[in-house]
Amino acid sequence: MMTFLAGRIGTGLIILFLLTTLVFFIGYAAPGDPVMLSGGVTMSASTIFQLRHEMGLDQPLLTRYARWIGQVVTGDFGYSVRQQRPVKEAILDVLPCTFSLAGGAIVLELIIGLAIGTAAARFRSGTIDRVLSTVSLVIYTVPAFWLGIMLLSVFSYGLGLFPSSQLQSINGGGNSTLESLADRIWHLGLPWLTLAVPGAGAIARYFRDSLITVRGEEYVLFARSRGVSPKTIFLSYELPNAVGAVIAVLGTEIGALLAGVVVTETVFALPGMGRLAMTAILTRDYPLIMGCTIFAGAVVIVGNLLADVAHGFIDPRVRLA
Amino acid sequence: MRNVGKIFFALVVVGVATWRFQLIVWAIESIGLSVVCIFIGSAGYVFGSIERIGAYWIAAGAFVVLLVSAAWILYRLFNAGRLSEENNRSRSGGFQLPLRMLFMFVLIIPILAPFNPAEQGDLSSARLLPPLTGNRIQLASIETGDLGVERLLRSINERIVHQHSAVYGPDFQREVPELNVSTSRSFFLLGTDDLGRDVFSRLLYAIRESLVIGAAAVSLTLFLGVAIGLTAGLGGRIADALLMRLTDVFLAVPALILLLMLVAFFGNSPLLLVTTLALTGWMNIARVVRAETLNARTREYIFISKMLGKTPYQIVRLHILPNLYPTIRSAALLQFCSVLLAEAALSFLGVGIQPPTPSLGNMINESLPYLTQAWWMSVLPGVVLTGIIIAANAYSEKHFRHPG
Numbered sequence: 000m001m002t003f004l005a006g007r008i009g010t011g012l013i014i015l016f017l018l019t020t021l022v023f024f025i026g027y028a029a030p031g032d033p034v035m036l037s038g039g040v041t042m043s044a045s046t047i048f049q050l051r052h053e054m055g056l057d058q059p060l061l062t063r064y065a066r067w068i069g070q071v072v073t074g075d076f077g078y079s080v081r082q083q084r085p086v087k088e089a090i091l092d093v094l095p096c097t098f099s100l101a102g103g104a105i106v107l108e109l110i111i112g113l114a115i116g117t118a119a120a121r122f123r124s125g126t127i128d129r130v131l132s133t134v135s136l137v138i139y140t141v142p143a144f145w146l147g148i149m150l151l152s153v154f155s156y157g158l159g160l161f162p163s164s165q166l167q168s169i170n171g172g173g174n175s176t177l178e179s180l181a182d183r184i185w186h187l188g189l190p191w192l193t194l195a196v197p198g199a200g201a202i203a204r205y206f207r208d209s210l211i212t213v214r215g216e217e218y219v220l221f222a223r224s225r226g227v228s229p230k231t232i233f234l235s236y237e238l239p240n241a242v243g244a245v246i247a248v249l250g251t252e253i254g255a256l257l258a259g260v261v262v263t264e265t266v267f268a269l270p271g272m273g274r275l276a277m278t279a280i281l282t283r284d285y286p287l288i289m290g291c292t293i294f295a296g297a298v299v300i301v302g303n304l305l306a307d308v309a310h311g312f313i314d315p316r317v318r319l320a
Numbered sequence: 000m001r002n003v004g005k006i007f008f009a010l011v012v013v014g015v016a017t018w019r020f021q022l023i024v025w026a027i028e029s030i031g032l033s034v035v036c037i038f039i040g041s042a043g044y045v046f047g048s049i050e051r052i053g054a055y056w057i058a059a060g061a062f063v064v065l066l067v068s069a070a071w072i073l074y075r076l077f078n079a080g081r082l083s084e085e086n087n088r089s090r091s092g093g094f095q096l097p098l099r100m101l102f103m104f105v106l107i108i109p110i111l112a113p114f115n116p117a118e119q120g121d122l123s124s125a126r127l128l129p130p131l132t133g134n135r136i137q138l139a140s141i142e143t144g145d146l147g148v149e150r151l152l153r154s155i156n157e158r159i160v161h162q163h164s165a166v167y168g169p170d171f172q173r174e175v176p177e178l179n180v181s182t183s184r185s186f187f188l189l190g191t192d193d194l195g196r197d198v199f200s201r202l203l204y205a206i207r208e209s210l211v212i213g214a215a216a217v218s219l220t221l222f223l224g225v226a227i228g229l230t231a232g233l234g235g236r237i238a239d240a241l242l243m244r245l246t247d248v249f250l251a252v253p254a255l256i257l258l259l260m261l262v263a264f265f266g267n268s269p270l271l272l273v274t275t276l277a278l279t280g281w282m283n284i285a286r287v288v289r290a291e292t293l294n295a296r297t298r299e300y301i302f303i304s305k306m307l308g309k310t311p312y313q314i315v316r317l318h319i320l321p322n323l324y325p326t327i328r329s330a331a332l333l334q335f336c337s338v339l340l341a342e343a344a345l346s347f348l349g350v351g352i353q354p355p356t357p358s359l360g361n362m363i364n365e366s367l368p369y370l371t372q373a374w375w376m377s378v379l380p381g382v383v384l385t386g387i388i389i390a391a392n393a394y395s396e397k398h399f400r401h402p403g
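Heads up: the sequence lines are chains A and B, in that order.
Position 182, counted from 1, in the first sequence is what numbering that gives the first Met the number 0 calls 181; the numbers after and before it change by one each time, with no gaps.
Position 27, counted from 1, in the second sequence is what numbering that gives the first Met the number 0 calls 26; the numbers after and before it change by one each time, with no gaps.
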């Protein structure tokens, strides 16, 4: 287990390093001078020269690269002129919002996905299965941003059940912690659903297939012939064996989830990573864009790592591969 | 059952032909006359305006092809008994037909769209009209909604006729149809948007935009993916390790975020958009191609062709690539879906295809302020987008999951 873990972490670190290199070279190849973009055109020549020197832009490529890597390793992504603060601070500021959004979405995704998958496998090849499979295909393909808008116009504008934007009410929802928590959940309901539904479609499809495969295995047949109750069979034989595929999917879904975060936060006007990245892009804030990209990559790599480890924990065969 | 689809297709083509008869005739006439123009030496006049009317020429040409194929389909249906053997044989070309239809559809969109997607209506009367409403408005033109194009089509005709009558004498004189601009009752099938533009026409053009961008991006993606996959599979251990790490890196960043970064740094002209979409989408195809190549490479026939002295290029072209086709095809179709989604998301976020050009994403974006007033503006583009993707998904599942 330790060698497996060490190998996975090592690969993750190598990929992270290559990613920072890639981001650096994309930034290097981009047209436009960061100094001119950040300060406008009214600066004097000496100011420009000094700023270029301060930002190290007059150094040769390799020196700049080494400096960039050094910065990233120490967690410093540079200074965002537009935001008037370091990139790291700007990113750390929005993390709670994004993580509560993504975390809740993963939980919801698992609940919906596993429920649909189980039901479809239970009524295999019947009408229910066909309906549920179609539903999961449809919700898997529906574009997240459009789904968000539809939910918004039905549940928020139409029925008035949910708020249309922001993370919490102006007064924070109430005085007690419980009330403000409830307020948060009320505000995050629609974004969670928007983010969870496409992933739930994918999970449902994989879970159904893997559950059906497991159901045909001999140990399940044996347990059934011994008269073990269906509930026990499901919980202690089928579920643990079928859920491995779901975890593997979840690992790859994290990337899609982060992409979904960008559009969901834009639709629901939530102050998170996605909004930050979009602001950075619309204002051409290069250091912030690079910081966000590397951060997103790091989250995906860590997510994949966790999924791999969890998969290896559940299924020993993965550890040996 | 499959004849129903064919008859439907033929009927639609014939219906469009009768509905758009005048426009098609004009376009074809102007193609012919423009060719004449080249010979009598006033080609400059035609080619100065070719980008505006070129789409109509191509559309008319494509439509003639469609009309001929519709006639051929009807002919074959009525002679089904005699030609059944041939009928059965021609069904095997499964993948070719829908793609061809799709691109025909893309080509004939200028003829199908009742209005010019960029032409704004009268804001006092044509703004935010719900679907299925007509409106008595000062319409730019009855046929295309694009007065400019229609004038061009006609003035070319007029001019040539004029030239001809100068060369061949007044016998060549003939009737030039009157330009019939009037207030007429126009009909908006799917309503109008906040600027009084016809949503149906905009949707058609948006589909064209998405499909063209998607197809271009997928072609480039395929090229990149296959090249990288083959190099990794055949190029030895070092190349393999390097390229696969590169693939991992590109896979590590969510495609949308990488796309956003590239768009922010390099801009978003359609060409750059296609390149960017390809640069962020080649990884899965490269992986699949590499795996298949590694698999194929250990086969005996490769070994034998090596012994026979075939060059590596010959081996790849004759023995490895053909084996990859089924995998590449299904991967390409899935990639097409994700490219459509990515492009729509980018346009929705305002960094993809830029506004005067309609695209499914920016139509949804533009509908945001009118969610409560005009449901058709936000619902319809999404339904179309989801529909296209579901159709492509279902198609790939039906044809590729159970080969044979």
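The beta carbon of each residue, even a glycine, is placed where N, CA and C say it ideally should be.
Secondary structure of residue i, DSSP reduced to three states
i, result
"Phe114 of chain B", "coil"
"Ile27 of chain B", "helix"
"Met0 of chain A", "coil"
"Ser209 of chain A", "helix"
"Gly234 of chain B", "coil"
"Pro355 of chain B", "coil"
"Gln21 of chain B", "helix"
"Leu317 of chain B", "helix"
"Gly157 of chain A", "helix"
"Lys443 of chain B", "Here chain B covers residues 0 to 403 and nothing more, so residue 443 of chain B does not appear."
"Arg225 of chain A", "coil"
"Gly11 of chain A", "helix"
"Val11 of chain B", "helix"
"Val383 of chain B", "helix"
"Asn361 of chain B", "helix"
"Thr251 of chain A", "helix"
"Val248 of chain B", "helix"
"Thr371 of chain B", "coil"
"Glu53 of chain A", "helix"
Paired residues, beta bridge with residue i - DSSP
i, result
"Thr191 of chain B", "B:Asp197"
"Ser79 of chain A", "A:Arg84"
Residue i CB to nearest heavy atom of the ligand SAM below 7 Å
i, result
"Gly308 of chain B", "Ligands displayed in this structure: none; no statement on the ligand SAM is therefore possible."
Cβ distance (whole Å) where residue i is taken to contact residue j below 8 Å
i, j, result
"Thr385 of chain B", "Val141 of chain A", "5 Å"
"Pro253 of chain B", "Gly11 of chain A", "Going by Cβ atoms, the distance from Pro253 of chain B to Gly11 of chain A rounds to 16 Å, so no, they are not a contact pair."
"Ala9 of chain B", "Ile72 of chain B", "5 Å"
"Leu194 of chain A", "Ser99 of chain A", "Contact flag wrong, Cβ pair sits at about 11 Å."
"Ala251 of chain B", "Leu18 of chain A", "6 Å"
"Leu189 of chain B", "Pro113 of chain B", "The Cβ separation is near 10 Å, so there is no contact."
"Ala373 of chain B", "Gly360 of chain B", "About 18 Å separates the two Cβ atoms, so there is no contact after all."
Residue from the options whose Cα sits closest to the Cα of residue i
i, options, result
"Gly349 of chain B", "B:Arg244, B:Tyr74, B:Asn267 and B:Val217", "B:Asn267"
"Leu158 of chain A", "B:Gly60, B:Phe114 and B:Thr371", "B:Thr371"
"Arg316 of chain A", "A:Asp182, A:Gly243 and A:Val298", "A:Gly243"
"Tyr236 of chain A", "A:Arg225, A:Tyr218, A:Ala247 and A:Thr193", "A:Tyr218"
"Trp185 of chain A", "A:Phe144, A:Ser164 and A:Gly273", "A:Ser164"
"Leu293 of chain B", "B:Leu271, B:Val12 and B:Leu320", "B:Leu320"
"Ile90 of chain A", "A:Arg225, A:Ile246 and A:Gly290", "A:Gly290"
"Ile71 of chain A", "A:Thr97, A:Asp307, A:Leu287 and A:Leu305", "Reading off the sequence shown, one finds Val at residue 71 of chain A, where the question assumed Ile. For the residues A:Thr97, A:Asp307, A:Leu287 and A:Leu305, the minimum Cα distance to Val71 of chain A belongs to A:Leu287."
"Pro190 of chain A", "A:Val261, A:Pro85, A:Phe206 and A:Thr231", "A:Val261"
"Val225 of chain B", "B:Glu28, B:Ala70, B:Ile327 and B:Met243", "B:Ile327"
"Pro95 of chain A", "A:Met272, A:Ala268 and A:Phe294", "A:Met272"
### Message
What are the residues in the stretch 95-108 of chain A lying within 7 Å of chain B by C-beta distance?
### Response
none
#### Entry: Residues of the stretch 361-374 of chain B with Cβ closer than 9 Å to any Cβ of chain A, in chain order
Ile363, Asn364, Ser366, Leu367, Leu370, Thr371 and Trp374
### Chain-ordered residues of the stretch 204-227 of chain B with a beta carbon less than 9 Å from chain A
none
### Message
Residues of the stretch 375-394 of chain B in Cβ contact with chain A at a cutoff of 8 Å, in chain order, please.
### Response
Ser377, Val378, Pro380, Gly381, Leu384, Thr385, Ile388, Ile389, Asn392 and Ala393
#### Entry: Residues of the stretch 260-275 of chain A whose Cβ lies closer than 8 Å to any Cβ of chain B, in chain order
Val261, Val262 and Thr265
### Task
Report the residues of the stretch 138-150 of chain A with a CB closer than 9 Å to any CB of chain B, ordered along the chain.
Tyr139, Thr140, Val141, Pro142, Ala143, Phe144, Trp145, Leu146, Ile148 and Met149
#### Entry: Contact residues within the stretch 228-253 of chain B, judged by C-beta distance below 9 Å to chain A
Arg244, Leu245, Asp247, Val248, Phe249, Leu250, Ala251, Val252 and Pro253
### Message
For the stretch 271-287 of chain B, list every residue whose C-beta sits within 7 Å of some C-beta in chain A, in sequence order.
### Response
none
### Query
When you check each C-beta in the stretch 276-295 of chain A against every C-beta of chain B, which residues fall closer than 8 Å?
Ala276, Met277, Ala279, Ile280, Leu281, Arg283, Tyr285, Ile288, Met289, Cys291, Thr292 and Ala295
### Query
Which residues, in order along the stretch 327-351 of chain B, keep a beta-carbon less than 8 Å from a beta-carbon of chain A?
Cys336, Leu340, Ala343, Ala344, Phe347, Leu348, Gly349 and Val350
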